[in-house]
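Just below is one structure, and these are the notes that go with it.
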Amino acid sequence: MSSLLLRGARIVDPANPGTSLRELAVRDGHVVEAAPGDTWDEVVDAEGCIAMAGGIDLHTHIGGGKVNLARLLMAEDHRDAADPSPLPINALELPSCGRCTPGTLATGYRYIEMGYTAAFEPAMVASNARHAHMEMGDVPVLDHGAYVMLGNDELFLQLLAEGGPATRNFEQLRDCVAWSIHASKAMGVKVVNPGGISAFKFNQRKLDVDEPHVRWQVTPRQVVHTLARALHELGVPHPLHIHGSNLGVAGNIESTLQTIAALEGLPAHLTHVQFHSYGTEGPKRFSSAALQLAEAVNANPQISIDVGQIVFGQTVTASGDTMRQHAQSGLGHPRKWVGADIECTAGCGVVPFRYREQSYVNALQWAIGLEIFLLVKNPWQVVLTTDHPNGGPFTSYPHLIRLLMDRSFREEQLARLHPEVAANSALRSIPRELTLDEIAVMTRAAPARLLGLRERGHLGVGAAADIALYRDQPDRQAMFATPVHVFKDGTRVARDGRITATPVGGTHFVEPGYDRAIEKTLRRHWSEHGSIGFDRVAIGRDELCRCCNGGRLLPAACLAGAS
21 MSSLLLRGAR IVDPANPGTS LRELAVRDGH VVEAAPGDTW DEVVDAEGCI
71 AMAGGIDLHT HIGGGKVNLA RLLMAEDHRD AADPSPLPIN ALELPSCGRC
121 TPGTLATGYR YIEMGYTAAF EPAMVASNAR HAHMEMGDVP VLDHGAYVML
171 GNDELFLQLL AEGGPATRNF EQLRDCVAWS IHASKAMGVK VVNPGGISAF
221 KFNQRKLDVD EPHVRWQVTP RQVVHTLARA LHELGVPHPL HIHGSNLGVA
271 GNIESTLQTI AALEGLPAHL THVQFHSYGT EGPKRFSSAA LQLAEAVNAN
321 PQISIDVGQI VFGQTVTASG DTMRQHAQSG LGHPRKWVGA DIECTAGCGV
371 VPFRYREQSY VNALQWAIGL EIFLLVKNPW QVVLTTDHPN GGPFTSYPHL
421 IRLLMDRSFR EEQLARLHPE VAANSALRSI PRELTLDEIA VMTRAAPARL
471 LGLRERGHLG VGAAADIALY RDQPDRQAMF ATPVHVFKDG TRVARDGRIT
521 ATPVGGTHFV EPGYDRAIEK TLRRHWSEHG SIGFDRVAIG RDELCRCCNG
571 GRLLPAACLA GAS
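Basically this note's numbering = 1-based index in the sequence shown + 20.
Structural data, given as structure tokens:
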């Protein structure tokens, strides 16, 4: 492989603090230490630039059944006025389009053009994991991975109902979790509306943290704690990825705080917390609870979050939370929606939506997300997301970064909103402006650490040479929208916003150990309830490679001390 020397850049690498290097050396796809007399195939003059590790999106819906439903439902999103979108000018780009939910090819191109080199699908179902991996494998350049959805499948709920924390039952539950990760080649586990998707199928329209499931008589508190404990004991690097109860409901801050309490000190990651940080104060009975959420995160260093910031304009919401999507379906714009069920293990709801600046609720949602970013003290506990496409497309990240780094720009945008929000939002009183180091943590170093990606998210010696080189300029939106160079494993893949190479990305996954005796229980369950034979559920490494277009397999190691 070729060698490369970037000379003169300011290196922003918070995972390796204190560096004063102005050179970044790459050989055979990894960062190396340059020695006197070394020769290089290419030397890049990076004077006036900022070098960061490639961006990592820890939570973005880019593959699987619901994403395709969103694309199909919003055909108008893939057209330019009444005509198909124009073909790409760049010969390296194959035709692909869409703004709210871009096609797989466009997804890869747009991420790479911003300096992102990895993205993770947060809602994969074991029974259609092959499809999810194939679709992610069709995304060019980006490394990828996914979290398997658990906590609403009937076998898990049955075992929990039969004994829960009792030793034998918990060991069975833990082995079910490990097998599901292993079989689907996932990076971790996501729970969506714990128990609520299943309860919705029994005509239950809400399920709070301590409210029993109408069929199984278990609570979301039990579901969350059991899954978090199982992952902790298995040593899975990424903690339980939690989409909490009562998404989007006024007053849901209480269930969010109770979910944190249910963990009893176990590590967890709370996702798109903007949608779970609402109070009931004020004349409209809808208010910001960002301060309460931030205080809880600040007091619990084992908790991490991503925000799910909304951005104004048209998007489409796609979620496994059938219960809440059904409740919100009447607000769809355009007025259409679709719901689906997968093997009685998970759900799916897709509702188009337009966030409007002059809507009180939408304007307050916008402010709440920014308040959370700015009130959580430790940037290592926060990951920058829009919950693509639910809060808005991932292509809005440069705009979001400018909002966080530039208070005057933030206040200009705030002044354009619904007058009651603009006049009374707590956001006006927060002076904090995030630094480049903090942005690098939220978009690179923290996601890598939370996922156990030891070679990613930093630029230390031995790191994979995923590098984004940005021209340092006062307009941070322009800066982060178009890097000067983007390198993936040492290969230049974009220059000045133009794709220059399209290598196949790698697949991240983890394979925790488990007692194979659980397969007897699983085989019986799949035989009675599944449409796929048990022996065909698990994905082997060779098959995973084929699913992902021959990309490299990138297994992450489980943490030491796992049970």
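The C-beta atom is built at its ideal place from N, Cα and C for all residues, glycine as well.
task = Note down, in chain order, each residue of its chain lying with its Cβ closer than 7 angstroms to the Cβ of N320, except the 5 sequence neighbours on either side.
result = Locating residue 320 in the sequence shown gives position 300, where the first residue counts as 1. Hits under 7 angstroms: I280.
request  = Run the CB neighbour count on Q237, radius 10 Å, all protein chains shown included, and call it buried at 16 or more, exposed below.
outcome  = Locating residue 237 in the sequence shown gives position 217, where the first residue counts as 1. Q237 should be labelled exposed.
key: For D341, three-class secondary structure by DSSP   = In the sequence shown, the residue the question calls residue 341 occupies position 321. Note: D341 maps to coil in three-state DSSP.
key: C-beta atoms of H245 and V211 nearer than 8 angstroms   = For the purposes of this step, residue 245 is taken as residue 225 along the sequence shown, with counting starting at 1. For the purposes of this step, residue 211 is taken as residue 191 along the sequence shown, with counting starting at 1. No, the pair does not count as a contact, with Cβ atoms beyond the cut-off.
query = Helix or strand or just coil, what does DSSP make of C565?
reply = Taking the sequence shown and counting its residues from 1, the one referred to as residue 565 is at position 545. Here C565 sits in helix by DSSP.
query = How many angstroms separate the CA atom of L424 from the CA atom of E453?
reply = Start at 1 with the first residue of the sequence shown, and residue 424 comes out as number 404. Start at 1 with the first residue of the sequence shown, and residue 453 comes out as number 433. If you take the alpha carbons of L424 and E453, they lie about 6 angstroms apart.
The region 102 to 116 touching the region 514 to 525, judged by at least three CB pairs closer than 8 angstroms = yes
task = Give every residue of the same chain whose Cβ lies closer than 6 angstroms to the Cβ of N382, excluding the five residues on either side of it in the sequence, and list them in chain order.
result = Here the question's residue 382 lines up with position 362 in the sequence shown. Hits under 6 angstroms: Y375 and R376.
Limits of the alpha helix (DSSP H) - the one that F500 falls within = Reading the sequence shown from its first residue, position 480 is the one you call residue 500. Note, F500: alpha helix (DSSP H), R496 to A501.
Cβ neighbours of A485 in the same chain (closer than 7 angstroms, five flanking residues each side left out) = As a position in the sequence shown, residue 485 is number 465, starting the count at 1. Counting only Cβ-Cβ distances below 7 angstroms, and skipping sequence neighbours, we find V46, G49, H50, V51, F507, D509 and G510.
query = Thinking C-beta only, is V197 closer than 8 angstroms to M169?
reply = On the sequence shown, position 149 is the one that residue 169 refers to. On the sequence shown, position 177 is the one that residue 197 refers to. For M169 and V197, no; Cβs fall outside 8 angstroms.
key: Nearest residue (CA-CA) to R543, options P418, A558, A54 and G271   = The residue given as residue 543 occupies position 523 in the sequence shown. Nearest C-alpha to R543: A558.
key: Cβ-based burial, G183 [other Cβ within 10 Å; buried from 16]   = To locate residue 183, count along the sequence shown from 1; it is residue 163. Around the Cβ of G183, a 10 Å sphere holds fewer than 16 other Cβ atoms; the residue is exposed.
Secondary structure, beta strand (DSSP E): runs of 3+ residues fully inside the region 192 to 228 = 208 to 212
ask   = When burial is assigned at 16 or more other CB atoms within 10 Å of the CB, is H549 buried or exposed?
value = Within the sequence shown, residue 549 is the residue found at index 529, counting from 1. So H549 counts as exposed.
ask   = Do the CB positions of S307 and I392 come within less than 8 angstroms of each other?
value = Here residue 307 corresponds to residue number 287 of the sequence shown, with the count starting at 1. Here residue 392 corresponds to residue number 372 of the sequence shown, with the count starting at 1. Result no, Cβ atoms of S307 and I392 do not sit closer than 8 angstroms.
task = Assign P142 to one of two classes, buried (16 or more other C-beta atoms within 10 Å of its C-beta) or exposed (fewer than that).
result = Residue 142 sits at position 122 when you count from the first residue of the sequence shown. Label assigned to P142: buried.
message = Report the CB separation of T405 from D326 in whole angstroms; it is logged as a contact under 8 angstroms.
response = What you label residue 405 is simply residue 385 of the sequence shown in a count that begins at 1. What you label residue 326 is simply residue 306 of the sequence shown in a count that begins at 1. Sure, about 4 angstroms apart at Cβ, within 8 angstroms.
task = Just the C-alpha distance for L420 and W546, rounded to the nearest angstrom, thanks.
result = Translated into positions along the sequence shown, residue 420 becomes position 400. Translated into positions along the sequence shown, residue 546 becomes position 526. If you take the alpha carbons of L420 and W546, they lie about 44 angstroms apart.
ask   = Which term fits S22, buried or exposed, when burial requires 16 or more other beta carbons within 10 angstroms of its beta carbon?
value = Mapped onto the sequence shown, residue 22 falls at position 2. Classification of S22: exposed, given that the 10 Å Cβ count is below 16.
task = For A584, collect the residues of the same chain with a Cβ closer than 7 angstroms to its Cβ; drop the 5 residues on either side in sequence, then sort them by chain order.
result = Given that the chain is displayed from residue 21 to residue 583, the structure contains no residue 584 and the question cannot be resolved.
inquiry  = As an exercise, report each continuous alpha helix (DSSP H) stretch of at least 4 residues that is fully enclosed by the region 108 to 191, in chain order.
reply    = As far as the region 108 to 191 is concerned, its whole alpha helix (DSSP H) runs of at least 4 residues are 124 to 134, 149 to 157 and 174 to 182.
inquiry  = So, at 7 angstroms on beta carbons, what are the nonlocal neighbours of Q385 in its own chain, with the 5 sequence-adjacent residues on each side left out?
reply    = Position 365 of the sequence shown, counted from the start, is the residue given in the question as residue 385. For Q385, where only same-chain residues beyond five positions count, the Cβ hits under 7 angstroms are Q294 and I330.
message = Quick check: the Cα distance between G216 and P439, rounded to an integer number of angstroms?
response = As a first step, residue 216 is located in the sequence shown; it is residue number 196 there, counting from the start. As a first step, residue 439 is located in the sequence shown; it is residue number 419 there, counting from the start. Their backbone Cα atoms lie some 36 angstroms apart in a straight line.
query = Can you list, in chain order, the stretches of the alpha helix (DSSP H) that have 4 or more residues and sit fully within the region 373 to 417?
reply = 380 to 395
Range of the contiguous alpha helix (DSSP H) that encloses K540 = For this step, residue 540 is matched to residue 520 along the sequence shown. Per DSSP, the continuous alpha helix (DSSP H) segment holding K540 begins and ends at I538 to H549.
inquiry  = Suppose you measure from the CA of A248 to the CA of R476; what does that come to, to the nearest Å?
reply    = Locating residue 248 in the sequence shown gives position 228, where the first residue counts as 1. Locating residue 476 in the sequence shown gives position 456, where the first residue counts as 1. Cα-Cα distance, rounded: 25 angstroms.
ask   = Secondary structure at T246, three-state DSSP: helix, strand or coil?
value = One-based indexing of the sequence shown puts residue 246 at position 226. Note: T246 maps to helix in three-state DSSP.
message = Using C-beta distances below 6 angstroms, list every residue in its chain close to P467, excluding the 5 sequence neighbours before and after it, in chain order.
response = Looking up residue 467 in the sequence shown gives position 447. Taken in chain order, the residues that qualify are I76, L78 and V403.
message = Could you tell me the alpha carbon to alpha carbon distance between I552 and L24, rounded to whole angstroms?
response = Within the sequence shown, numbered from 1, the residue matching residue 552 stands at position 532. Within the sequence shown, numbered from 1, the residue matching residue 24 stands at position 4. Going from the Cα of I552 to the Cα of L24 covers about 48 angstroms.
key: Host beta strand (DSSP E) of I70 (start-end)   = To locate residue 70, count along the sequence shown from 1; it is residue 50. Taken as a continuous stretch (DSSP letters only), the beta strand (DSSP E) holding I70 covers C69 to A73.
ask   = So what's V441 in DSSP terms, helix, strand or just coil?
value = As a working mapping, residue 441 is identified with position 421 in the sequence shown. Looking at V441 - three-state DSSP - the assignment turns out to be helix.
request  = Check G350 in the structure and name its three-state DSSP category.
outcome  = In the sequence shown, residue 350 corresponds to position 330, counting from 1. G350: helix per DSSP, three-state reduction.
ask   = Taking Cβ positions, are M207 and L471 nearer each other than 8 angstroms?
value = On the sequence shown, position 187 is the one that residue 207 refers to. On the sequence shown, position 451 is the one that residue 471 refers to. Yes, these two residues count as a Cβ contact at 8 angstroms.
task = Have a look at L26 and H261 and give me their C-alpha separation to the nearest angstrom.
result = Within the sequence shown, numbered from 1, the residue matching residue 26 stands at position 6. Within the sequence shown, numbered from 1, the residue matching residue 261 stands at position 241. Straight-line Cα distance between these residues: approximately 37 angstroms.
ask   = Is F222 buried or exposed, if buried means 16 or more other CB atoms sit within 10 Å of its CB?
value = Counting from 1 along the sequence shown, the entry for residue 222 is found at position 202. Classification for F222: exposed.
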